[in-house]
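S.K.:
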Amino acid sequence: MLTHKVLTRQDVGDVASYYGDGADDYYAKEGEAQVWQGTGAELLGLVGEVDADRFRQLLAGQVEPGGPASRRSTRDDAKTRIGIDLTFSAPKSVSLLALIGGDAAVVAAHDRAVTLTLEDVERRAEARQKIDGVSRIEKTGNLIIAKFRHETTRAYDPALHTHAVAMNLTRRADGEWRALHNDEIIRATAYMGAEYRAHLARELETLGHELRYGPQGTFELARFSREQIEAFSVRSREIEAELALKGRTRGSASRAERQAATMKTRGRKEPHLDRAQLHAQWVERAREAQLDLQAAPRPRGLFKMLQKFWSPAKVAEHVKARLAVESAMRHIGEREAAVSHERLIAKALEYGMDGVRSGAIFTAIREAVAEGEIVAEAPRFFAAGERGEAARTVDDLVRDLMTEGQREPVALALVQDAIVTGRLIEAPRRYATPEAIAREEKVLRIEREGRGALIPLAKDESALERLLRTKLNAGQLDAVRVMLTTPNRVVGIEGLAGTGKSFMLKAAAAEVEQAGHKVQMLAPYGGQVKALREFGLEARTVASFLNSQRNSLDSKSVLVIDEAGVMPARQMAKVLEAAEAAGSRVVLIGDRAQTKAIEAGRPFDQLIRAGMPTAGMKEIQRQSNSLLREAVGLAAEGAAKAALEKLGDVIEIRDAGARRRTIAKDYARLSPEARKETLILSGTNEGRREIKTRVREALGLAGQGKVLECLVRRDTTQEERLFARNYHVGDRVQPEQDHRALGLKRGELYTVEDTIADKLTLRSPTGRQLRIDPAELRNVSVYETVRQELARGDVVRITRNDAAKDLANGDRFTVTYVGSQNVFLESGKREVSLPRDRPMHIDCAYATTVHSSQGLTVDRVLIEAETNRKTTSGDTFYVAISRARLEAHVYTDDAQGLPRAIDREFQKSAALDLQRQIDRPSKAGGDWQRERVSKPAGDWEMER
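For the sequence shown, the working numbering gives the first residue as -11, with consecutive numbering after it.
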């Protein structure tokens, strides 16, 4: 693992303690315990062991001992930056073998992995320079790094880790030492963490150690069980306990929250602790945990020894790297259509961890771009003093200069000079797959070619005259008119939340059917479908339609898709393709201001921007409270501060636990009838789960029921499910189809028992053990088993479709009785009995995430909006408050900072967002010159 912390002057005391913390470590005098690294250090003659006085001088910016500070700062206080602490932490099992087992070779492997990663960090070093008032960024490529290897946590668990302190100094080409411009280093931290793990895994496997890989590129030595590793994780448990007090877990907490919990639980190390005695305690604990510390790694054999030098090994690594890049693109591409350079490399290193170095990944990306398997964006640049969001291609920049009167060759030369001199900085590169681009182009093509291709449904004015006599308002009338009179295959209706789209659809459906056509109503999610059905409209999910649409469409069909704004590009392309083939019409109804698709793409937005004829519905009707109605309208326009002022009811409670208890108590105070019309919304699943617990306590249900095994879906991509490392021991795997060759039956639950050697060991319901390659699995769901108490009166929701019992994902029930064999539920309309002989797809329904609430309407909402969460943004706030007819109450950790948090917009990427560039002659002899890829659209190859 790699973490980073920007060090300021107030951290000097802590940084100086790096010496004392490791003074008596067993390996403190071996290898690279306290050594200098970096070209910058070499330029100053700093080689070998770190000198304490010199270290402190450099932290103060003194390149010359006792001299003035070389870096310049606009501030001179405790917040002045003095460096970056990059902390490399080995996996716990590696620490156990190295520090308890005394395996010096493993310590050396960690040292080499740190050194190799820091060489990459150094290549990213930059300095800022201002000449004649114009900022420039120079790639310096040199750092002064002091490395301190330590061996214990604050709780005195064995923990092999290295603090690599990069001074806030770098030397420019003019020979001047100046402050480090660290943006590039900070942005690449996740990638460099993956690189460290990849280097370490390679070193350990070269030594002959077998590894057990886990999710997100993690791994442990296979010789130790998870229980044995946890026996030496006192420090982790302290931090997790502190986070739990705040209603957080390691997975759900922000980096700042994890840092705060770490610092709060951080006891001071005893400076003169007897390390020999501590080591003896470790050995005794290892004996109690039955750790296998003596078994030697398996011999690698002559062939394995030669693999480092023999060219076939490089070929094998190259193949692995290409496969890793392909897997990374598929994994990221399932959720985002445009992939950033750093994220692609980091994910590829995770997929290719067993023997693939970063250099091989770079080569694989270049080749994939050259061969057309990946499309690379043209380089984009922004001014050194600006933010990267305003990045533009060379074409754009040249065009701007030409509009100011410059001739094209001169304009191009000026842009190239700005790049060479660092006045223009390259923005992070992005990639997409040709398939993603083709999918989005298909969506736009079908809509474009369908304009004017059909005969309008309304052949005379009678339909419009009938509509004028209804209660439809102007916006609703315009929407129905577009549906009936358009000659286009695809049209859009963009309606704000609560503008009566369902009421409009009911009137429109009647007119469409009177014209001799048949309406088919679709929506992306089950909850949205249920809301349409409750309004008297026949509807089904988009997924259900796509699984059975072959014989259901013809030229008389009108597909109406509600909540089209959350449809991903994959589904939109399939729906429009099916409609085009059948000669059907499509009406897309959505709201671009609401939440976006979980999967990749934003086709509804792209279609409107491309000119799809679209009617607008802006007259909000849902809210009977006039102030709430105004707040919803302002939120739709992005006016967060004004919306909150109209809303009025914003409760600030900084502590997460106290805040969630307050939400639960406010909910419990409502009458049973009012609770049925109340929705609690949280931005995260972790928040939703804790609020559920607090509500049960407030209602007096805690401790009154029985604990059941329930299943929670793991959020994994299709690509992740092909690799054993992405499963957890104890997970339940449920096939959606029979896998006869593997011995797996549809609908059965199989328990994951091990994930070694990229194979899954599963236990069947009958106890039979199966060892399978997950790459052979298709169409499976993966669940985590959680223990959950249910009592009479609990409100629950179904979390998986069950055709045999006529249950749909999202159906809500009240628990009437929890017996020893069954759980009995009722919804006011019917009763259901669920057997307890296997884990159940059921969860308490007191709170939901904002994303899941889209399409629902209730009387009131209680909203948790945390300012440090990405899920608190403009679209989620708008969706949350617009669910309510009467009241919306917001609970936050920071009322003053909430408007800024809501103002954040996280735009879903699209493959067609990637900018292309025409071929131009490059400036001879300049660093700006890049190698070009010989393929259409003039995509550029990354630097070698």
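Built from N, CA and C at the ideal position, the CB exists for glycine as well. All figures in this text were calculated on a predicted structure; none of them were measured in a lab.
(1) Is the Cβ-Cβ distance between Leu632 and Val838 less than 9 Å?
(2) Exposed or buried, which one is Arg657 when buried takes at least 16 other CB atoms within 10 Å?
(3) Is it the case that the segment 376 to 395 contacts the segment 119 to 128, given that we only count it when at least three CB pairs across the two stretches are under 8 Å?
(4) For Asp761, which option in Lys653, Ala497, Leu730, Glu361 has the closest C-alpha, if you only look at C-alpha atoms?
(5) State the DSSP-derived secondary structure class of His306, mapped to helix, strand or coil.
(6) Taking only runs of the alpha helix (DSSP H) that begin and end inside the segment 511 to 591, which ones reach a length of at least 4 residues, in chain order?
(7) Excluding the 5 residues flanking Leu595 on each side, which residues of the same chain have their C-beta closer than 6 Å to its C-beta?
(8) Of all the CB atoms in chain D, is at least one closer than 9 Å to the CB of Glu183?
(9) For Val398, count neighbouring Cβ atoms within 10 angstroms of its own Cβ and tell me buried if that reaches 16, exposed if not.
(10) Relative to the C-alpha of Asp637, which candidate in Gly504, Ile869, Val51 has its C-alpha closest?
(11) Can you check whether the CB of Asp782 is closer than 9 Å to the CB of His829?
(12) My output table needs one value for Val0: the three-state DSSP class, helix, strand or coil.
(13) Report yes if the C-beta distance between Glu314 and Arg185 is below 9 Å; otherwise report no.
(14) Only counting the same chain, and skipping five residues up and downstream in sequence, which positions put a Cβ closer than 7 Å to that of Val(-6)?
(15) Given this structure, state the Cα-to-Cα distance separating Glu565 from Asp542, to the nearest angstrom.
(16) Would Lys896 and Ala511 qualify as a contact pair, given that the criterion is a beta-carbon distance under 9 Å?
(17) Assign Gln(-2) to buried or exposed, taking buried as 16 or more other Cβ atoms, counted over all protein chains shown, within 10 Å of its Cβ.
(18) Going by DSSP, which residues form a beta bridge with Gly483?
(19) Confirm, please, whether the CB-CB distance from Glu114 to Gly28 is below 9 Å.
(20) Is it buried or exposed for Asp41, if we count other Cβ within 10 angstroms and need 16 for buried?
(21) From Arg211, Asp703, Glu164, Arg871, pick the residue whose C-alpha is nearest to that of Gly621; which is it?
(22) Please specify which runs of the beta strand (DSSP E), each continuous and at least 3 residues long, are wholly inside the segment 352 to 423, giving them in chain order.
(23) Return helix, strand or coil for Phe43, following the three-state DSSP convention.
(24) Inspect the beta-carbon positions of Ala406 and Phe369 and report whether they are closer than 9 Å.
(25) Please state whether the Cβ-Cβ distance between Gln516 and Glu551 is less than 9 Å.
(26) Can you tell me whether DSSP reads Asp73 as helix, strand or coil?
(27) Locate the alpha helix (DSSP H) running through Ala462, then write down its first and last residues.
(28) Anyone know if the C-beta pair for Met317 and Tyr419 falls short of 9 Å?
(29) Applying the 10 Å Cβ sphere with the 16-neighbour rule, what's the burial state of Pro79?
(30) Is it right to say Thr754 is buried, meaning 16 or more other beta carbons lie within 10 angstroms of its own, or is it exposed?
(31) In three-state terms, what does DSSP make of His329?
(32) DSSP three-state label for Ile434, please.
(33) Hey, could you find the ends of the beta strand (DSSP E) Ile125 is sitting in?
(34) Whole angstroms is fine: what's the gap from His151's alpha carbon to Thr141's?
(35) Roughly how far, in whole angstroms, is the beta-carbon of Asn943 from the beta-carbon of Gly49, given that I think they are within contact range, below 8 Å?
(36) Tell me whether Gly410 is buried or exposed, calling it buried when 16 or more other Cβ atoms sit within 10 Å of its Cβ.
M.R.: With the structure as the only source:
(1) no
(2) exposed
(3) no
(4) Leu730
(5) helix
(6) 514 to 522, 530 to 536, 557 to 570
(7) Glu435
(8) Looking at the structure shown, chain D is missing, and only one protein chain is on hand.
(9) exposed
(10) Ile869
(11) no
(12) helix
(13) no
(14) Arg69, Ile72
(15) 13 Å
(16) no
(17) exposed
(18) Met605
(19) no
(20) exposed
(21) Arg871
(22) 368 to 371, 412 to 414, 418 to 420
(23) helix
(24) yes
(25) yes
(26) strand
(27) 462 to 473
(28) yes
(29) buried
(30) exposed
(31) helix
(32) helix
(33) 122 to 127
(34) 13 Å
(35) This structure cannot speak to residue 943, because the chain is shown only from -11 to 932.
(36) buried
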